[in-house]
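There are 2 protein chains.
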Amino acid sequence: IFRTVSGVAIDKDQACVAIMDVPDQPGIAARITQALCEENIVIDMIMQSFHPTIGLNNITFTVNDSDLDQTINSLSALKDELRAREVLADPDIAKVSLIGAGLVGQPTIPAKLFGVLGANGINIKMISSSEMKITCVVARQQADRAAALIHQAFELDAVCDTRA
Amino acid sequence: IFRTVSGVAIDKDQACVAIMDVPDQPGIAARITQALCEENIVIDMIMQSFHPTIGLNNITFTVNDSDLDQTINSLSALKDELRAREVLADPDIAKVSLIGAGLVGQPTIPAKLFGVLGANGINIKMISSSEMKITCVVARQQADRAAALIHQAFELDAVCDTRA
Ligand SMILES: C[C@@H](O)[C@H](N)C(=O)O
Ligand SMILES: C[C@@H](O)[C@H](N)C(=O)O
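Those protein sequences? They're chains V and H, same order as listed.
Here the first sequence stands for residues 13 to 176, where the numbers follow this note's numbering.
Here the second sequence stands for residues 13 to 176, where the numbers follow this note's numbering.
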């Protein structure tokens, strides 16, 4: 595959939410996603990584702004059932994504992406990556500027506003 | 887009690593990825989500097994420079990924994926998702069984061992 960056996408209609310190045991992720599924809440950018405490974990994801209140309610009910510590939410976000193919195979790509934001004082709130997309979550009012800087750094022709 | 699940992929040649409690300020993600880039370390599944403490964050990613020692050394040197708390690593992992298109738009898909693992006692160590791939990180010796269960649950024809 010719490794290439093809575009930048922005999504300003989402919010981040997380349930913190859930038991790190089989069935927990299932329970949480089942509860959200029953409420027809569409989730994206699901993230679960290292937790400093063995036996606990955090699960983060994004939802449409319009679903945030319902999501927080649903997770708060689960929090008691699972004895999780808390539910966190950040509505002030935008996803700014580098789109391409084979993005993973070249270490220069994430370094350059995070580098252009860092050099311009834009704080990266969250990160998620795959071979075809590296998403940086930034404050909503930083999204357009972040996208323009990335566009310029990677010499791209267009910035598309999509739900990517 | 017709929302469809098309396959399951397994990658048993990677390890997870994280740098914990880095300052949540512009330029930090850049500094970390730049250091790894200079050592020609290929990184995937970059994750940064919520941290319970404002002003701190954790960055997690995966590397090839063969790069793990070098990665830990590189991050440990950075840890002092950035005053991060610690570097964590888990070599006992495999990525088991559901592959498809439009995976995000249907809440039943993640619920079913995590559900089949949970119902079979397989602990999900980490999760990363995009429209085209939902990756569950499990213990390496659970990978084949996890993939077979997912394959069955989604009625798929083939399980491919790829570096996906
Ligand atoms: C935390 C959650 O992902 C749990 N480890 C599970 O397997 O469901
Ligand atoms: C933690 C790290 O991602 C930091 N927020 C940055 O923007 O670089």
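Idealized CB from N, CA, C, for every residue including glycine.
Model, not experiment: these values are computed from the prediction.
If you draw a straight line from the alpha carbon of residue i to that of residue j, how long is it in whole angstroms?
i	j	result
N69 (chain V)	F126 (chain H)	15 angstroms
I139 (chain H)	I58 (chain V)	6 angstroms
I105 (chain H)	N135 (chain H)	11 angstroms
A27 (chain V)	S88 (chain V)	16 angstroms
A158 (chain V)	S142 (chain H)	21 angstroms
K124 (chain V)	E93 (chain V)	43 angstroms
G114 (chain H)	M144 (chain H)	6 angstroms
R97 (chain H)	V54 (chain H)	23 angstroms
K91 (chain V)	E51 (chain H)	42 angstroms
V29 (chain V)	Q60 (chain H)	13 angstroms
I31 (chain V)	I71 (chain V)	6 angstroms
Residues of chain V with CB closer than 8 angstroms to the CB of residue i, please, in chain order.
i	result
V116 (chain H)	V54, I55 and D56
D79 (chain H)	Result: empty, since nearest Cβ-Cβ is about 10 angstroms, beyond 8 angstroms.
I139 (chain H)	A41, I58, M59, Q60 and I71
Quick one: which chain H residues come within Cβ less than 9 angstroms of residue i?
i	result
G112 (chain V)	Those within 9 angstroms of G112 (chain V) in chain H number zero; the least Cβ separation is about 13 angstroms.
I22 (chain V)	Ordered by position in chain H, no residue passes the 9 angstroms Cβ test against I22 (chain V), which lies about 16 angstroms from the chain.
DSSP state of residue i, grouped into three classes?
i	result
I105 (chain H)	coil
G114 (chain H)	coil
E93 (chain H)	helix
E50 (chain V)	helix
P64 (chain H)	coil
N135 (chain V)	coil
L100 (chain H)	strand
P122 (chain V)	helix
I162 (chain H)	helix
A30 (chain V)	strand
G127 (chain V)	helix
In chain V, which residues lie with their C-beta within 7 angstroms of the C-beta of residue i?
i	result
N85 (chain H)	By Cβ distance, chain V contributes nothing, its closest Cβ being about 16 angstroms from N85 (chain H), past 7 angstroms.
Q46 (chain H)	A123 and G127
In chain H, which residues lie with their C-beta within 7 angstroms of the C-beta of residue i?
i	result
G133 (chain V)	P38
Whole-angstrom Cβ separation of residue i and residue j, contact assumed at under 8 angstroms?
i	j	result
I162 (chain V)	V20 (chain V)	5 angstroms
D79 (chain V)	V116 (chain H)	Rounded, the Cβ-Cβ distance is 13 angstroms, inconsistent with contact.
V108 (chain V)	A165 (chain V)	So it is not a contact: roughly 12 angstroms between Cβ atoms.
S86 (chain H)	A47 (chain H)	5 angstroms
So with CB distances below 8 angstroms, who are the chain H contacts of residue i?
i	result
G130 (chain V)	P38, G39, I40, A41, A42 and R43
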